[in-house]
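Protein chains in written order, with the UniProt record's numbering: chain W, 1 to 496; chain Z, 1 to 283; chain P, 1 to 311; chain V, 1 to 364. Glycine residues also receive a C-beta, built at the ideal position from the N, C-alpha and C atoms.
Dropping the structure here:
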């Protein structure tokens with residue numbers, strides 16, 4: 001068994017090497033084709049369109065999955081995921097409980113040992129676990145993480161077809177994120193894009209139109225300045241901490257909008273071999289940050305040590321006017337406001353009532369947003385604690401990536417990865433009950449995934465934030481900062 | 001020495017002491033004050049120097065077994081108590097005979113081994129994270145408290161052994177001889193006569209072990225996966241910084257977490273000074 | 001003639017002696033066992049890995065031997081100089097101030113007065129509090145937008161506008177040192193306090209009779225007597241500071257723009273942020289070597305009295 | 001109480017022999033002093049009896065029972081240490097009771113014995129104090145008491161008086177002797193102070209270099225020292241020793257040195273003839289020498305070096321043939337330094353030793 005695995009491993013390596021050289025040229029084409037095939041067009045995917053397709057079909061998940069794994073299958077499985085936590089809205093907790101109950105009813109003989117891990121800890125834990133061959137059988141990971149494990153061949157190959165679904169039913173951006181070296185290493189579970197939220201009350205105070213979002217990044221800078229000058233409150237919730245995932249999530253949309261990029265991920269057919277960092281577009285974006293932080297001082301001073309979580313409280317406390325936020329932000333804020341007490345509660349509810357959602361502003365070049373979400377992966381049997389129960393893994397994955405549960409598990413915070421979910425009754429219910437869902441959902445086609453290469457975490461979480469810090473502390477000029485980042489990324493690509 | 005004359009050194013000393021007291025205690029006071037503010041009240045600028053509408057909501061949330069957070073928190077608290085206690089007991093059980101042997105016996109290699117024990121402090125924890133994890137995995141200890149206890153043991157051991165050895169060096173060997181003639185076995189002589197004499201040292205090393213284990217964060221984060229098994233520092237970190245930075249909550253949790261060790265230390269601090277005096281400094 | 005009775009050396013040479021003393025080893029075995037377990041393999045692994053290239057795209061089993069390249073990468077990297085300088089500043093000043101404050105506190109507390117025990121206890125609290133909690137407490141105090149320190153300084157007219165410490169290249173490291181000293185000075189204090197209690201009164205009285213003032217008594221009697229304790233304290237603090245990870249990591253993550261990056265945060269960043277265990281290992285080995293040099297003096301200081309006793 | 005028998009006891013540390021084949025028997029009820037300079041092996045010997053050290057060879061029997069391999073606790077002995085080794089964290093009462101407690105003596109009996117011992121030693125008022133609150137003499141008594149309560153077969157005492165000041169030492173010496181007489185106990189007492197040994201012991205075992213030099217009553221050790229070492233060690237001031245050559249001068253036997261000669265009495269002459277060669281050592285106690293201020297027949301010429309009056313006696317240090325003698329004088333006599341004197345030997349009390357073997361030459 002061991003020998004066989006080793007032999008397979010070596011084979012894989014050979015194939016991978018062969019593909020690696022050609023992938024740059026060959027791969028993007030089918031992905032682009034896929035995009036056309038699903039027919040998701042940013043122009044037609046409007047809030048109205050999203051509403052119009054909801055509730056059209058019904059789904060029988062048990063029936064669909066029974067074709068893949070018989071319902072009486074007996075097995076055992078370790079599963080790690082980033083699930084609801086203390087700060088999550090109550091509804092999300094309930095959805096997960098419902099999910100586990102439904103799964104237990106459908107597959108009563110599969111025992112699942114599920115670990116709900118914190119977002120901040122999970123990546124490092126998973127790395128050490130995989131290295132120590134103590135990884136779980138199955139894990140659902142944030143979109144950026146999978147490629148590292150795929151590159152190391154610590155994952156098993158897995159595509160929607162393996163659990164009875166059609167790759168065309170998933171977002172092309174999402175499929176890009178699970179594709180490496182021409183192979184598919186996971187299935188998207190949920191996808192979302194961020195939106196722009198603002199406090200209409202502060203806008204009014206500052207003499208701005210309370211119901212009109214800034215449409216361009218240039219306007220954001222101007223608004224921020226005006227808010228600071230007129231109200232003394234901070235305008236835009238800038239964050240630039242190193243090693244914090246939400247720094248690039250908020251900065252890259254601006255970079256792409258202005259026509260820049262880290263690699264060429266914003267290109268129509270990205271090769272992930274070119275760097276776009278030392279470009280006018282990126283420089284414009286860094287300059288915007290510089291103008292807000294250094295020139296206008298219209299954003300929190302603590303931006304360089306802050307993460308997005310530290311912007312929530314000021315926003316809710318009516319101290320901060322604009323942030324780029326997750327779709328679930330509204331639900332979270334509402335939840336927290338309702339839990340506040342005394343005078344806090346009144347103030348918070350007022351802020352929640354003043355909350356407005358809009359599309360992410362566009363730059364000189366386009367409107368763009370980070371394509372986010374999660375994918376589910378099966379680990380390589382070699383890296384697992386014990387034996388891999390493939391059938392049990394497939395049963396779980398089929399169950400969770402189907403239209404029903406990919407919609408329900410994404411209830412408050414995201415959207416189904418399986419686009420058939422948009423046609424279900426549950427999607428309709430969500431649209432009816434969740435404020436601004438149509439707005440955040442309509443940004444999905446503008447989503448650009450982070451480069452699905454192993455170096456992505458280093459580029460996005462370290463090099464880009466460091467570039468920002470270099471410029472914002474005036475250690476370097478904007479030009480020097482982008483040039484410095486260019487050099488670092490280039491040396492990564494050169495295989496340092 | 002005891003002349004009660006006030007010199008300029010005394011005045012200077014008192015000024016210095018007041019400054020130091022402010023430096024040491026104000027941050028703690030601010031932690032307490034913040035913990036009694038509501039989340040929004042904490043975000044006033046300039047901040048209120050005392051909570052205008054003091055609230056205990058954070059404490060209720062953390063300590064009430066009625067809700068999820070409270071239940072989880074209490075569980076983390078129990079986990080931490082367990083890990084720290086086991087570490088402390090084992091630490092003393094391991095350190096005492098080793099220190100005794102280093103003090104009393106003259107076996108070959110004694111010095112080199114003594115050095116090697118003291119060397120532990122040289123190595124930074126984060127560097128060992130990966131290899132230790134791999135090793136714990138080999139031993140099948142990942143996600144168990146044993147992995148933490150084994151690792152934590154080594155934090156306290158160098159100081160414990162060094163301190164206790166100093167104690168044993170100062171206890172005349174004739175006491176044990178007398179005891180053995182008086183009818184003790186070798187072990188009884190140690191247990192009934194030498195151990196009680198080194199009690200301040202044992203208490204001091206026990207406190208030290210307990211505190212280091214109680215406060216440890218990096219290994220606990222890496223070795224434990226199971227949500228139900230987390231220790232307090234990791235659990236708290238997860239509560240409060242993942243999706244929202246709730247400063248009053250963080251401060252309340254820091255306070256609750258500090259209470260047991262601070263109380264223990266304040267009660268037993270005189271042993272600590274005595275142990276250092278008799279065991280480490282004088283030896 | 002009061003030789004402990006199991007100490008007779010044997011004429012049989014080293015092996016014979018070891019056999020004669022075989023039961024003695026039982027006493028130290030558990031302590032050494034657990035030490036070896038936790039240290040030996042990680043040291044070996046770190047050295048081993050430092051000679052391999054481990055890019056994030058390769059599994060560990062496919063790492064590539066590259067000799068001393070990782071060392072060259074570390075020593076030749078742009079940031080190495082700055083990080084090393086930061087490390088020196090961080091370690092030296094933290095140690096220095098912790099020692100000075102600890103010494104001052106110990107001297108004041110060495111006198112008998114009402115409430116001495118309480119004062120000593122209050123000053124010791126920071127030592128006991130977890131570094132994680134301390135980091136959050138101080139981050140909150142320093143907070144540029146809501147921090148109490150900025151507000152107080154503003155009221156006193158010492159600053160105009162927001163206080164910017166942690167997001168400021170020039171202020172961040174001193175600010176972190178203040179936190180670190182806050183946590184460490186009580187340790188220095190308690191060590192020195194213990195040392196002071198062993199200064200014989202006769203000596204001080206003799207100096208007094210000789211006409212020495214308070215300062216001279218301190219300088220010529222107390223300080224020389226404290227030498228041993230001070231050396232040990234300095235070394236312990238030095239080692240601890242060189243290894244200190246949590247305060248800079250939680251408070252700033254090494255930022256802004258690397259201004260508070262020290263060796264140990266760099267190592268963590270390279271290992272877990274950039275997933276380059278090979279380079280991180282080489283970096284660790286460099287840190288080890290520095291530690292070994294310091295460790296030599298440390299062990300010498302710790303066991304200095306040992307030599308005197310054994311002969 | 002019991003007899004203690006040493007049979008060819010050897011103790012080696014590596015290549016160093018600390019105790020070399022020592023044999024002697026302590027009779028039941030005897031007070032034996034092990035005496036010798038420091039490093040002579042006396043404490044080692046005591047620790048061998050106590051079981052604190054393991055024998056390398058030979059056997060030790062107490063009351064006929066071989067105890068070589070027994071644990072100290074099973075040997076039924078008690079020991080008083082030089083530094084008393086009182087348990088600092090226990091009260092006097094607990095210290096006294098400890099040996100009984102370890103032997104599981106019933107509580108009532110234990111209390112009785114502790115009280116008896118305390119009464120005997122006059123420390124009843126100290127029972128609830130801790131050792132550090134006691135004076136040296138009181139600690140000494142407690143240490144003794146701890147040995148007494150158990151009623152052991154043998155008492156071992158390791159220089160128990162050496163930490164006391166001179167006055168207290170004299171007092172305790174008397175008390176110890178009295179206790180021994182009252183209890184009729186077997187005591188083995190280690191001391192480096194020959195006076196202590198002389199005054200207290202029934203028998204003295206003089207040791208040097210790990211070898212038992214002489215084992216006998218103090219009187220005999222004093223009067224008939226077995227060798228040069230014992231002669232020089234026992235007695236204060238020490239015996240005066242003078243190397244000499246034996247010269248036969250037509251029937252008369254003379255001892256001669258540098259610039260002096262002494263005709264030996266027939267008895268001493270007979271002794272001298274037994275020497276292995278012609279070299280002997282003359283030994284004379286300070287009291288057996290008579291000082292003349294004028295030349296007299298049979299005397300040796302000498303010169304006063306210095307004079308030490310002590311009240312009872314005056315000691316004159318006298319230079320003889322490159323050596324210094326100490327001679328006791330009546331304090332009434334007036335002698336000056338550098339004064340020429342003549343020394344007369346009391347031939348009946350003259351000791352002769354073989355200069356090669358250093359052994360005593362028995363009288364004819």
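Chain V within 9 Å of residue i, Cβ atoms only
i	result
residue 269 of chain Z	no
residue 22 of chain Z	no
Residue environment, residue i, which counts as buried when at least 16 other CB atoms sit within 10 Å
i	result
residue 127 of chain P	buried
residue 50 of chain Z	exposed
residue 140 of chain V	buried
residue 65 of chain P	exposed
residue 408 of chain W	buried
residue 229 of chain Z	buried
residue 169 of chain V	buried
Any chain Z beta carbon closer than 9 Å to residue i
i	result
residue 70 of chain W	no
residue 13 of chain V	no
residue 18 of chain P	yes
Min CB distance residue i to chain W below 9 Å
i	result
residue 87 of chain P	no
residue 252 of chain P	yes
residue 142 of chain Z	yes
Cβ distance (whole Å) where residue i is taken to contact residue j below 8 Å
i	j	result
residue 235 of chain W	residue 303 of chain W	With 8 Å as the limit, residue 235 of chain W and residue 303 of chain W do not qualify as a contact, their Cβ atoms being about 12 Å apart.
Same chain only: Cβ atoms within 6 Å of residue i, ignoring 5 sequence neighbours per side
i	result
residue 195 of chain P	226 and 229
residue 102 of chain Z	114 and 165
residue 235 of chain Z	76
residue 157 of chain V	80 and 189
Residues of its chain near residue i, where Cβ-Cβ distance is below 7 Å and the 5 sequence neighbours each way are ignored
i	result
residue 367 of chain W	257, 359, 360 and 446
residue 369 of chain W	193, 194, 253, 360, 443, 446 and 447
residue 145 of chain W	123
residue 348 of chain V	none
Beta carbon proximity, residue i to chain P, threshold 9 Å
i	result
residue 183 of chain Z	no
residue 461 of chain W	yes
residue 223 of chain Z	no
residue 465 of chain W	yes
Contact set for residue i: own chain, Cβ-Cβ below 8 Å, skip 5 residues either direction
i	result
residue 461 of chain W	242, 243, 244, 245, 247 and 248
Exercise. Mind listing, in chain order, the continuous beta strand (DSSP E) runs of no fewer than 3 residues lying wholly within the stretch 159-188 of chain P?
Key: Listed in chain order, the beta strand (DSSP E) elements of length 3 or more contained wholly in the stretch 159-188 of chain P amount to none.
Practice problem: Would you list, in sequence order, the uninterrupted beta strand (DSSP E) runs of no fewer than 3 residues that lie entirely inside the stretch 321-360 of chain V? | Solution: Fully enclosed beta strand (DSSP E) runs of 3 or longer: 323-329, 340-345 and 351-354.
Exercise. Run through the stretch 198-256 of chain P for me and flag every whole alpha helix (DSSP H) of 4 or more residues, listed as ranges in chain order.
Key: Along the length of the stretch 198-256 of chain P, whole alpha helix (DSSP H) runs at least 4 residues long occupy 201-209, 214-217, 223-242 and 246-251, reported in chain order.
Practice problem: For the stretch 199-247 of chain W, list the beta strand (DSSP E) runs that are entirely contained and at least 3 residues long, ordered along the chain. | Solution: Whole beta strand (DSSP E) segments, 3+ residues: 234-236.
Quiz prompt | beta strand (DSSP E) segments (min. 3 residues) lying fully within the stretch 107-142 of chain P | solution = Counting only runs of 3+ residues, no beta strand (DSSP E) is found wholly inside the stretch 107-142 of chain P.
Practice problem: Quick one: which unbroken beta strand (DSSP E) runs of 3-plus residues sit fully inside the stretch 131-193 of chain W? Chain order, please. | Solution: DSSP runs (the beta strand (DSSP E)) wholly in the stretch 131-193 of chain W: 138-142 and 187-192.
Quiz item: What are the complete alpha helix (DSSP H) segments, minimum 4 residues, inside the stretch 46-102 of chain Z?
Solution: DSSP runs (the alpha helix (DSSP H)) wholly in the stretch 46-102 of chain Z: 57-63.
Quiz item: At what residue ranges does the stretch 264-292 of chain W contain a whole run of the alpha helix (DSSP H), taking only runs of 4 or more?
Solution: DSSP runs (the alpha helix (DSSP H)) wholly in the stretch 264-292 of chain W: 280-290.
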